[in-house]
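Chains as they are written, first to last, in the numbering used here: chain V, 1 to 339; chain W, 1001 to 1339.
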């Protein structure tokens, strides 16, 4: 199959992400706090507004930064010098304005109209424990209100790759909206990439994910836990094999063990990039996806795409917050030369 | 004069701060950006909402953290193990909720009712240049709406030290409110400390500041530029002499040159604490005040009070953001032993 994401293509955007428009509220936490407040460690738990308010009242001083898994990925693609777009739902409130500002100022095209009523802009309480692990508590808010009318077919059809966020599967209408966007992309001859987002999220919507992966996914992005959950197997090898049969490409991230790319029977192992200190793992998978998808849109070899993913992830885990602090292009060029 | 701030006193609070309830929006900036957008370097400039929105639309991705000069000081006093209170005006909006959360969770008593109409919670765009200097652009918003009814005489009368923020002089009614609070404190036999906040602010309200300092100030906290501006002299020595005649104590911070404490004819020089890297000087003066005032409420020797100020300042300039990241008590005890 020819690579419709290749550089020869004249699309307006490299990647169009559809995902959660959310602001992260980041606070340091102890293991004891997680236990006392029954916060599940290392995963994303959906919470209602009352629980979000309760947890917020218990955590210490926090810092606010724009987040969102696929939003972090498109931010990373911009920081690599690419041309990304984003579709997601904020409300017309202060956190929504922060989210929009932080994306647009990076050069990400973002024009989804904000909701003018209903729940507030989504927020995610991220508790970072001393081991750099993050435990996320998400109030979906306005972000879950994404509807078909929010999909701009011009943007989706003019992006080399459409990248869909699994977290949106938690809302039935948002799920239908992702399916619609995937169809639009494929009708325009584009590639569709899907992030499974979270093992618990896969558990909640396994059948719908299986359907999306089988019918509309060219590139599956997942960590090993998500992938094994999707196919209900304890063998990563088996999960990769099934993914490979169903998609053009499967990308499986494995934390400090690096990543595996699986395509047409080939398995490419990618080493994790060493960093002086892991401070906060928030955004690691999102930034791996950024580097990988960016490489793909530039028609790079899959091993190089994976290397870019590992490098982008290494930057984001070296500091607090889910997005690169500086130009990823400079960061990577200092390490491996011109990209 | 006996020290009404001494530990023998049974006040409910160590320090009650009255100041700007404001959220900082912190972004890295180049010198060229400051020039192009005519942002005055190293000082605080008041901006209206339109200018704040314009500047925000031009800066890069930002991080949001609670700030405010005197609010940073009371946060620091809490991080030292003290018992502070704060009086300041937020609106009932998302940034207001962030400000309130970040203070209360530190253990700062904060019960000023939020405004339910009028301008939004104050925000300060802080542009940090590569030399770690910060240039501040403040939209006063709800914070300038502090009125006499917001002053709880029980809190003011039961705090060893009342600490007033000069920035509030930019609003006439807030200015009158500070004067009222100072009278309440003195009637209860408490000390009144005043921060001059900013040289431009002193320029705008020199006469009112002179009046406040002369009649109602026991402890004057200022940097050398503010102090020389107050007394319109180019000689720091002369300014210190006048301040000393008018107040019980004058504390003058001098950036990397440390600080000078002036009291009853004594001049005590305080060295700046060396740090491995100065990252962001936001909050340096505020945290010096925190350490100094905390020492005073514990009846410590003035040289020790100054040392605590320098240590607290050294922590806050070692990272982004205007407040300590961890327990200041631990930070300081690791360096000079039990406090």
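Ideal Cβ positions, reconstructed from N, Cα and C, are used throughout, including at glycine. All of these numbers come straight from a predicted model, not from anything done at the bench.
In the DSSP assignment, residue 93 of chain V is bridged to no other residue. Counting C-beta atoms within 10 angstroms of its own C-beta, residue 1084 of chain W has 16 or more neighbours from the protein chains shown and is therefore classed as buried. In the DSSP annotation of this structure, the continuous segment of the beta strand (DSSP E) that includes residue 1193 of chain W starts and ends at 1191-1195. Short of 7 Å from the beta carbon of residue 314 of chain V, and not among the five residues preceding or following it, lie these beta carbons of its own chain, in chain order: 273, 275.
Residue 29 of chain V: not part of any alpha helix (DSSP H); DSSP gives it neither H nor E. Legend: CB atoms of the segment 28-57 of chain V lying less than 7 Å from CB atoms of chain W belong to residues 56. Within chain W, the C-beta atoms nearer than 8 Å to that of residue 95 of chain V come from 1094, in chain order.
The alpha-carbon separation between residue 1042 of chain W and residue 1133 of chain W amounts to approximately 6 Å. Distance from the CA of residue 66 of chain V to the CA of residue 1269 of chain W, rounded to the nearest whole angstrom, comes to 44 Å. Separation of the CB atoms of residue 217 of chain V and residue 251 of chain V is rounded to 11 Å, and the pair is thereby denied contact status at 8 Å. The bridge partners DSSP lists for residue 1219 of chain W are W:1193, W:1249.
Contact annotation: in the segment 1059-1091 of chain W, residues whose CB is within less than 8 Å of a CB in chain V are 1059, 1060, 1061, 1062, 1063, 1064, 1065, 1066, 1075.
In this structure, DSSP gives residue 42 of chain V a state outside helix and strand, which the three-state scheme calls coil.
Distance from the Cα of residue 323 of chain V is smallest, within the candidate group V:80, V:209, V:55, V:53, for V:80. DSSP places residue 1014 of chain W in the strand class (E or B) of the three-state scheme. Contact with chain W is absent for residue 155 of chain V, since none of that chain's Cβ atoms lies less than 8 Å from the residue's Cβ. Residue 256 of chain V counts as exposed, since fewer than 16 other beta carbons sit within 10 angstroms of its beta carbon. Chain-order list of chain V residues neighbouring residue 1102 of chain W: 61, 62, by C-beta distance under 7 Å.
Near chain W, meaning a CB-to-CB distance below 8 Å, no residue of the segment 270-283 of chain V qualifies. If you look at residue 329 of chain V, you'll find it isn't in any beta strand (DSSP E); it sits in the alpha helix (DSSP H) that goes 328-336.
About 23 Å separates the CB atoms of residue 108 of chain V and residue 139 of chain V; that is not less than 8 Å, and the two are not in contact.
Its chain contains 1106, 1323 as the residues whose beta carbon lies nearer than 6 Å to that of residue 1075 of chain W, once the 5 sequence neighbours on both sides are disregarded; these appear in chain order.
In its chain, beyond the 5 residues on either side, 1037, 1039, 1047, 1125, 1137 have a beta carbon closer than 8 Å to the beta carbon of residue 1055 of chain W. For the set V:163, V:203, V:143, the Cα lying nearest the Cα of residue 286 of chain V is the one of V:163. Within 7 Å of the CB of residue 1106 of chain W, the CB atoms of chain V belong to 61, in sequence order along the chain. Here DSSP, grouped into helix, strand and coil, assigns residue 171 of chain V to coil. Between residue 18 of chain V and residue 88 of chain V, the beta carbon gap of about 7 Å places them in contact (Cβ cut-off 8 Å).
Counting every other CB atom within 10 Å of its CB across the protein chains shown gives residue 1195 of chain W a total of 16 or more, marking it as buried. Identification of chain W residues near residue 98 of chain V by a Cβ-Cβ cut-off of 7 Å yields 1064, ordered along the chain. Close partners of residue 1323 of chain W in chain V (Cβ separation under 8 Å): 61.
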